[in-house]
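*Asks:* Protein chains in written order, with the numbering used here: chain A, 5 to 532; chain B, 52 to 299.
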């Protein structure tokens, strides 16, 4: 057996054997497998596709495929412009790269092992079997096709990311060129869609129809190719399937040929990306924050002023100083822009739909949850000085939470101004939604404190995640319940007031959480 | 032997290595000294073929990216990162297969014994402590009996026994004719067995000394602090003064 085959086989064997020593993991795998099997059996996956007339509009799924494909494509290009992607581990970089093995074989090994990991990560699609079956009447063939295109998109996306990274690494002009082309392509696509909409002017459905049916649209990288394949499967068009596979295969082969040209010249770029990914993984395992992105240079104007205040308040001042230095507009960062764009899109999508504003609100607070998980307080709790400064625990805790409280307020103002201006709702509604959004941020911050207090010593990340989510649900239920009850009781003209009790209950919950965990820093374990 | 000629490495606008040239002859131990950020690890990675650079690196007379050069090179990275799902023994077997080694098992046993890993043969990479990972990483780099050995901060994380053992292995390999390049910022850790030293500062070799020119480690230490803290730039002796063989 050659070295690379040995490496793959032994890692796989040991991964399976390790389960003997980790029964909890084995049980969780068995449960997950049982879920998949149950989903497959209960949905009658073996049977053929049912009559489509009784099911939801297929175009929804087509749109999702294209949106996911284009989003992945954009994200992978973006990652190629910053840190790149990698097919390798740090061990590969340290042990494989210097070994006398052909770089092309090493590249193939990277592809095969990444394919295996992608395959395992894509199994979650099988959980959607029930939904796809009941929603669209899909059978085994269609669901397998979805599974396949998802894997193809992920694999191809990673190759694109590596290729962009290799092409642009250390060359700011190339990087700027790729970025310009990507932005121009996106604007061009939007203009074409807008033009189709203006030409036919019969509402969004006609535009969607025309765009989705256009062959040009199916030729767009990743999203379009994936759509072409899926339409080929659903409509029984063999040439579409073949064409899509050919596009993926030819482009992938071209990228591989580009990477494999010369003598191992992809090692440097891969090494940098691999180191970045390794640090990310370490940070995740150690419950720390790490972005690894090169920080832009900050001109220090106020160095002479120094830090104001003393004691615990110095922590807050330091956080505010960092926040103002890291963004041109204080507290307005990339997330604010993404959330504002989401608000714009949802406002347009749900215009005229009464419950649309609540769907948008739910979506935005869901996004907010992920940033709150890695927010300033979380970072602060992984640094020793918060524990060491000779001040009362509650003072330090409050000081360390200042930015975590202020940021959702700033975001709320921006996001719901955009939402109202885009026709998502009226200004009064937007005000209450903004208040509710800021209060949700306070709850998330409180949750960070509670979960550190209650689950801080729990070494199992998965268990901590599950328990944390369950705890959040319990804490959020009274607020959500109060909003629902108010909405039912109040006349329809006053429905904007239903977010008021939500706001009040959230603030009370956050307050209670802080009171209960005021002594956190005296008792919790330092996890940095 | 190892020959480095005009190696220049840039990261965008940062010049990490600036026209570096030196040789490490057979049976010679050369140390790269310098503060953090001096460019030592970058140079080691360039020599190991992990980074692109301008210039020439010859390992045993072959271009550093050729298969012949790779066969002759043993590299121990600064960060010992192993495969989580391979055991200690399987790591060595993997290296043996990758380098097409024969009769490697006896050598592997000796290395594991010397680094006190013999009873950890069946432990997975993920179950090893950082020190043990460093010992295994050293074993992987040394099991191929390389003609050129690159050690990037090899003593970091090792216990006193392993440091003592590593030092004696380095000296043994020197006597067997290997060219050894050690990057470190801990002068004490290599005192006693270096033959030539390059002090790096801001990507350049600010000074070079051979054991015969520097009467003792104290002189090298003084020179190091003079350079790193005093902005000193010493043209030093020509590389030829110490290249091509181990000073006796």
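Note that CB positions come from ideal geometry on N, CA and C, so glycine has one too. Given the structure is predicted, the values throughout are model-derived calculations rather than measurements.
Taking all protein chains shown into account, do 16 or more other C-beta atoms lie within 10 angstroms of the C-beta of residue 45 (chain A), making it buried, or fewer, making it exposed?
*Replies:* Classification of residue 45 (chain A): exposed, given that the 10 Å Cβ count is below 16.
*Asks:* Any C-beta of chain A within less than 9 Å: which residues of the region 129 to 160 of chain B qualify?
*Replies:* Flagged, chain order: 130, 131, 132, 133, 134, 135, 136, 137, 138, 141, 142, 144, 145, 146, 147, 148, 149, 150, 151.
*Asks:* State yes or no: is the C-beta of residue 6 (chain A) within less than 8 Å of the C-beta of residue 122 (chain B)?
*Replies:* Cβ atoms of residue 6 (chain A) and residue 122 (chain B): not closer than 8 Å.
*Asks:* To be precise: take each residue of the region 203 to 217 of chain B, compare its Cβ to all Cβ atoms of chain A, and keep it if any distance is under 9 Å. Which residues remain?
*Replies:* Under the 9 Å Cβ criterion, the region 203 to 217 of chain B contributes no residue.
*Asks:* Just curious, the alpha helix (DSSP H) that residue 433 (chain A) is in, first and last residue?
*Replies:* Run containing residue 433 (chain A): 431 to 459, per the alpha helix (DSSP H) assignment.
*Asks:* Measuring alpha carbon to alpha carbon, tell me which residue in B:254, B:259, B:237, B:204 is nearest residue 64 (chain B).
*Replies:* Comparing Cα-Cα distances from residue 64 (chain B) to each of B:254, B:259, B:237, B:204, the minimum goes to B:254.
*Asks:* Work out the CA separation of residue 487 (chain A) and residue 422 (chain A) for me, nearest whole Å.
*Replies:* Cα-Cα distance, rounded: 23 Å.
*Asks:* Hey, would you say residue 92 (chain A) sits closer than 8 Å to residue 161 (chain A), going by beta carbons?
*Replies:* Their beta carbons are not under 8 Å apart, which means residue 92 (chain A) does not touch residue 161 (chain A) by this criterion.
*Asks:* Let me confirm a value: residue 380 (chain A) is counted as buried when at least 16 other C-beta atoms fall within 10 Å, else exposed. Which label applies?
*Replies:* When all chains shown are included, residue 380 (chain A) counts as buried.
*Asks:* Considering only C-alpha positions, which residue in the set A:262, A:143, A:150, A:112 is nearest to residue 69 (chain A)?
*Replies:* Comparing Cα-Cα distances from residue 69 (chain A) to each of A:262, A:143, A:150, A:112, the minimum goes to A:150.
*Asks:* Going by the beta-carbon positions, is the gap between residue 72 (chain B) and residue 88 (chain B) smaller than 8 Å?
*Replies:* No, these two residues do not count as a Cβ contact at 8 Å.
*Asks:* If we define contact as Cβ-Cβ less than 8 Å, is residue 232 (chain B) a contact residue for chain A?
*Replies:* So no, residue 232 (chain B) is outside the interface.
*Asks:* Among B:69, B:174, B:157, which residue has its Cα nearest to the Cα of residue 135 (chain B)?
*Replies:* Among B:69, B:174, B:157, the Cα nearest to that of residue 135 (chain B) belongs to B:174.
*Asks:* Residue 10 (chain A) touches chain B at which residues, Cβ-Cβ below 9 Å?
*Replies:* Near residue 10 (chain A) (Cβ distances below 9 Å), the residues of chain B are 141, 144, 145, 148, 149.
*Asks:* Kindly list the residues whose CB is nearer than 6 Å to the CB of residue 81 (chain B), restricted to its own chain and excluding five residues on each side of it in sequence; keep chain order.
*Replies:* Only 75, 232, 247 meet the Cβ criterion.
*Asks:* Against chain B, does residue 527 (chain A) count as a neighbour if the rule is that its beta carbon must be under 8 Å from one of theirs?
*Replies:* Not an interface residue.
*Asks:* Helix, strand or coil: how does DSSP classify residue 175 (chain A) here?
*Replies:* Coil.
*Asks:* For a contact meaning CB atoms closer than 9 Å, what does residue 174 (chain B) contact in chain A?
*Replies:* Correct list: empty, because the minimum Cβ distance to chain A is about 11 Å.
*Asks:* Do the region 112 to 130 of chain B and the region 181 to 201 of chain B meet, that is, are 3 or more Cβ pairs less than 8 Å apart?
*Replies:* Cβ pair count under 8 Å is three or more, so yes.
*Asks:* Which first and last residues belong to the alpha helix (DSSP H) in which residue 182 (chain B) is found?
*Replies:* 181 to 193 is the extent of the alpha helix (DSSP H) around residue 182 (chain B).
*Asks:* Under the DSSP definition of a beta bridge, which residues are partnered with residue 62 (chain B)?
*Replies:* For residue 62 (chain B), which the question treats as bridged, DSSP gives the partners B:65.
*Asks:* With H, G and I counted as helix, E and B as strand and the rest as coil, what does DSSP make of residue 73 (chain B)?
*Replies:* The answer is strand: DSSP assigns residue 73 (chain B) an E or B state.
*Asks:* Runs of 4 residues minimum, wholly inside the region 100 to 157 of chain A: which ones carry the alpha helix (DSSP H) assignment?
*Replies:* For the region 100 to 157 of chain A, whole alpha helix (DSSP H) runs of length 4 or above, ordered along the chain, are 107 to 125, 133 to 140.
*Asks:* So with Cβ pairs under 8 Å, would you call residue 55 (chain B) a contact of chain A?
*Replies:* No, no contact with chain A.
*Asks:* Check the Cβ-Cβ distances between residue 63 (chain B) and every residue of chain A, and say whether any is below 8 Å.
*Replies:* Yes - at least one Cβ of chain A is within 8 Å of the one on residue 63 (chain B).
*Asks:* Ends of the alpha helix (DSSP H) at residue 398 (chain A)?
*Replies:* Element bounds for residue 398 (chain A): 397 to 425.
*Asks:* If you compare alpha carbons, which of A:424, A:503, A:204, A:157 is closest to residue 252 (chain A)?
*Replies:* Taking only the C-alpha atoms, the option nearest residue 252 (chain A) is A:157.
*Asks:* Tell me the residue span of the alpha helix (DSSP H) that contains residue 338 (chain A).
*Replies:* Per DSSP, residue 338 (chain A) belongs to the alpha helix (DSSP H) from 338 to 353.
*Asks:* Would you mind stating whether residue 103 (chain B) and residue 234 (chain B) have Cβ atoms separated by less than 8 Å?
*Replies:* Not in contact: residue 103 (chain B) and residue 234 (chain B) (Cβ atoms no closer than 8 Å).
*Asks:* Extract the residue ranges of the beta strand (DSSP E) inside the region 199 to 272 of chain B, only unbroken runs of 3 or more that lie entirely within it.
*Replies:* Fully enclosed beta strand (DSSP E) runs of 3 or longer: 199 to 203, 230 to 235, 247 to 252, 255 to 261.
*Asks:* Are the CB atoms of residue 274 (chain B) and residue 250 (chain B) within a distance shorter than 8 Å?
*Replies:* Going by C-beta atoms, residue 250 (chain B) is nearer than 8 Å to residue 274 (chain B).
*Asks:* Mind pulling the alpha helix (DSSP H) runs of 4 or more residues that sit fully within the region 205 to 236 of chain A?
*Replies:* Listed in chain order, they are 208 to 217, 219 to 222.
*Asks:* Is it buried or exposed, residue 229 (chain A), if we count other Cβ atoms within 10 angstroms and call 16 or more buried?
*Replies:* Label assigned to residue 229 (chain A): buried.
*Asks:* Which residues does DSSP list as the beta-bridge partners of residue 110 (chain B)?
*Replies:* Residue 110 (chain B) pairs with B:53, B:113.
*Asks:* Look up residue 12 (chain A) in the DSSP assignment and say whether it is helix, strand or coil.
*Replies:* Residue state, collapsed to three classes: helix.
*Asks:* Between residue 226 (chain B) and residue 78 (chain B), which are expected to be in contact by the criterion C-beta below 8 Å, what is the C-beta distance as a whole number of angstroms?
*Replies:* Correct: roughly 7 Å between the Cβ atoms.
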